[in-house]
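Visitor: The following block contains the structure, expressed as structure tokens.
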Amino acid sequence: SNFAFGVLITMKNLNIRFFVALLFYWSLIGSVQAKTLKPLVPPILKGVWYEDTDVGHAQCRLYLKHKTTDNLLGALVFYKRSFRTYAEYGEGNYSVVTVVKRLKQNTWQVKDKTYMDGDNQAVPSTQLFAIKNKQLYWTYEFTVDGKGMTHTKEFFRCK
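Under our numbering, the first residue of the sequence shown carries the number 2, and numbering increases by one thereafter.
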């Protein structure tokens, strides 16, 4: 009888230890997953943006009317961990965000790996995004004939 009681207590202790170990393991996995899945793109950037031009406003109206990816031509779209440009000529870029550094309020330096549509080779790049007066300013560098250049585009949120 004492032996059976001792076995029962030991089993309960094992079950409790196992349960506590399992909870600890789940908390570790949960924290790793949470860190892995943490969105890098600042939430204020998420959504569909178009260049602030007459063409951009017309494209936005078309997108809002149909809400399909076919109508995203000319758009800059931010997701949780990436952003995509939908070029008007049919080829765009998909950028996987690797680092976001806040420079000041509503201004971020974004490092990413950019893929051109149809190409599986990523090109590392650094972008600057700033929101001022509800407008998004995107500054990026590129090379033409070996000469480095900087360009800034102005966007509005399509909603």
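A virtual CB, placed ideally from N, CA and C, is assigned to each residue, including glycine.
What runs of the beta strand (DSSP E), each 3 residues or longer, lie entirely inside the region 48 to 86?
Guide: With a minimum length of 3 residues, the continuous beta strand (DSSP E) runs that stay inside the region 48 to 86 are 48 to 52, 76 to 79, 83 to 86.
Visitor: I'd like to check one pair, Gly147 with Asp118: are the Cβ atoms closer than 8 Å?
Guide: By one-based count along the sequence shown, residue 118 stands at place 117. By one-based count along the sequence shown, residue 147 stands at place 146. No, they are not a contact pair.
Visitor: Distance, Cα to Cα, Trp109 vs Glu155?
Guide: Against the sequence shown, residue 109 aligns to sequence position 108. Against the sequence shown, residue 155 aligns to sequence position 154. The straight-line gap from Cα to Cα measures roughly 15 Å.
Visitor: Near Glu89, what residues of its chain come up, given a Cβ to Cβ distance below 8 Å and the 5 sequence neighbours on each side ignored?
Guide: Along the sequence shown, one-based indexing puts residue 89 at 88. Leu74, Gly75, listed in sequence order.
Visitor: In the DSSP assignment, find the unbroken beta strand (DSSP E) run with Glu142 in it and report its ends.
Guide: For the purposes of this step, residue 142 is taken as residue 141 along the sequence shown, with counting starting at 1. Here the beta strand (DSSP E) through Glu142 covers 136 to 145.
Visitor: Identify every residue that forms a DSSP beta bridge with Asp113.
Guide: Taking the sequence shown and counting its residues from 1, the one referred to as residue 113 is at position 112. According to DSSP, Asp113 bridges with Val98, Ser126.
Visitor: So what does Lys160 bridge to, in DSSP terms?
Guide: Here residue 160 is taken as the residue at index 159 of the sequence shown, counted from 1. For Lys160, no pairing in a beta bridge is given by DSSP.
Visitor: From the DSSP output, in three-state form, read off Leu41 for me.
Guide: Numbered from its first residue, the sequence shown carries residue 41 at position 40. If DSSP states are grouped into helix, strand and coil, Leu41 belongs with coil.
Visitor: Alpha carbon to alpha carbon, what distance is there between Arg82 and Ile30?
Guide: Taking the sequence shown and counting its residues from 1, one reaches residue 30 at position 29. Taking the sequence shown and counting its residues from 1, one reaches residue 82 at position 81. Model confidence at Ile30 stands at a pLDDT of 44, short of 50, so the residue's coordinates are unreliable; what they give is reported in the following sentence. So the alpha carbons of these two residues sit roughly 20 Å apart.
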